[in-house]
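Enquirer: 1 is the number of the first residue of the sequence shown in the UniProt record's numbering; add one for each residue after it.
The following block contains the structure, expressed as C-alpha cells.
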Amino acid sequence: MGASITTYAPAESIFTEGDWPAFYFQIIKGEVKLNNYNEEGKETIQIIIEDGQSIGESLLFMEKFYPINAIAITECQILKLPRKAFLDLLREDAEVSYEMNKCLSQRLYFKLIMTQNLSSQSPMVKLMALMDYLKSFAMDQQQYSFKIPLTRQQMAGLTGLCVETTIRTIKGMERARLLKIEDRKILY
C-alpha cells in the first residue's frame with residue numbers, strides 16, 4: 001500500500017500539535033506517548049501506546065490539525081502509510097476496517113473511564129481507575145497478579161497528578177494492601 005518504516009530516537013517527535021495528519025502511524029516496536037503541555041509547561045499524558053498499536057488515527061477521518069504531540073519514549077520503529085492509502089485500505093478491506101473500529105472504541109472507552117474518575121479530588125481514586133483499566137485486559141484478575149507497565153511519572157501524567165502525590169498515594173495504597181511493590185514494580 002506504499003508504507004515506509006521510520007526509526008525514531010527516544011524523545012523524538014513523531015508529530016506535534018498543529019501538524020496536519022498526513023500519515024497513518026503504527027508502532028512496530030517501541031513506546032510512544034501522546035501528550036499536551038499547559039500554559040505553565042506541565043505535561044499531561046493522554047495515553048501511552050506500544051508495539052502493534054496505531055498513533056493518532058482518529059484524526060485521519062477529520063479535516064482537523066493534531067491537538068496533541070506524539071513523542072517516542074523508547075527507540076521506535078514506526079510504519080507510516082499515507083493518509084489516502086490508509087483510507088482506501090479501510091474502504092477495500094472489511095476486516096481491517098473492523099479492527100480499526102475496535103481500536104478506536106478501546107481508546108474511547110479509556111477516555112470515558114479516565115474522564116469519570118479524573119473529576120475526583122482523590123488521588124487514590126484516580127490511580128485505581130487507571131490501574132483497573134490496565135488490568136481489565138489481563139487474563140488473571142487475582143489480586144497482585146498484574147504488573148503495572150508504567151513508571152510513577154507516566155502514571156502521574158496520565159492522571160493529572162504530580163509525581164510526588166503519585167508516589168505518596170501508591171505507598172499509602174501499599175500500606176492499605178490494595179497493591180504490592182516488589183523490586184520497584186507495582187503489582188495490582
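Cβ coordinates follow ideal geometry from the N, Cα and C atoms, glycine included.
In the DSSP assignment, find the unbroken alpha helix (DSSP H) run with Ala129 in it and report its ends.
Expert: Pro123 to Lys135 is the span of the alpha helix (DSSP H), which, as asked, contains Ala129.
Enquirer: On the premise that Ile71 lies in contact with Lys33, defined as a C-beta separation below 8 Å, what is that separation, rounded to the nearest angstrom?
Expert: Correct: roughly 5 Å between the Cβ atoms.
Enquirer: Should Leu129 be labelled buried (16 or more other beta-carbon atoms within 10 Å of its own) or exposed?
Expert: According to the sequence provided, residue 129 is Ala. The question's Leu does not apply to it. That one is buried.
Enquirer: Work out the CA separation of Leu178 and Ile27 for me, nearest whole Å.
Expert: C-alpha separation (whole angstroms): 33 Å.
Enquirer: Taking the runs of the alpha helix (DSSP H) that are 4 residues or longer, which of them lie wholly in the UniProt domain "Cyclic nucleotide-binding" (8 to 107)?
Expert: Runs of the alpha helix (DSSP H) inside the UniProt domain "Cyclic nucleotide-binding" (8 to 107): 83 to 92.
Enquirer: Could you check how far apart the C-beta atoms of Glu75 and Pro10 are, in whole angstroms? I think they sit under 8 Å.
Expert: Right, the Cβ-Cβ distance comes to about 6 Å (below 8 Å), so this counts as a contact.
Enquirer: Distance, Cα to Cα, Tyr133 vs Phe25?
Expert: Those two C-alpha atoms are separated by around 24 Å.
Enquirer: DSSP has Glu164 in a bridge; who is on the other side?
Expert: Answer is none; Glu164 lacks a bridge partner.
Enquirer: Quick check on this structure: which residue in Met1, Asp140 and Ile186 has the alpha carbon closest to the alpha carbon of Lys84?
Expert: It is Met1.
Enquirer: Helix, strand or coil for Thr169? Go by DSSP, reduced to three states.
Expert: Thr169: helix per DSSP, three-state reduction.
Enquirer: Using the Cβ count rule (16 or more neighbours within 10 Å means buried), how would you classify Gly157?
Expert: Classification of Gly157: buried, given that the 10 Å Cβ count is 16 or more.
Enquirer: With contact counted as at least three CB pairs below 8 Å, one residue from each stretch, are the stretch 83 to 100 and the stretch 115 to 129 in contact?
Expert: No: the two stretches stay apart, fewer than three of their Cβ pairs being nearer than 8 Å.
Enquirer: Taking all protein chains shown into account, do 16 or more other C-beta atoms lie within 10 angstroms of the C-beta of Tyr109, making it buried, or fewer, making it exposed?
Expert: Tyr109 is exposed by the Cβ-count criterion.
Enquirer: Please name the residue, chosen from Gly30, Ile181, Thr151 and Phe23, that lies closest to Met62 on a Cα-to-Cα basis.
Expert: Measuring from the Cα of Met62, the nearest candidate turns out to be Phe23.
Enquirer: Since Ile68 and Gln46 should fall inside the 8 Å C-beta cutoff, what is the C-beta to C-beta distance between them, to a whole number of angstroms?
Expert: Correct: roughly 6 Å between the Cβ atoms.
Enquirer: Tell me whether Thr169 is buried or exposed, calling it buried when 16 or more other Cβ atoms sit within 10 Å of its Cβ.
Expert: Thr169 is buried by the Cβ-count criterion.
Enquirer: Could you check if Ala146 is buried or exposed, using at least 16 other CB atoms within 10 Å of its CB as the buried criterion?
Expert: Going by the sequence as given, residue 146 is Phe instead of Ala. When all chains shown are included, Phe146 counts as buried.
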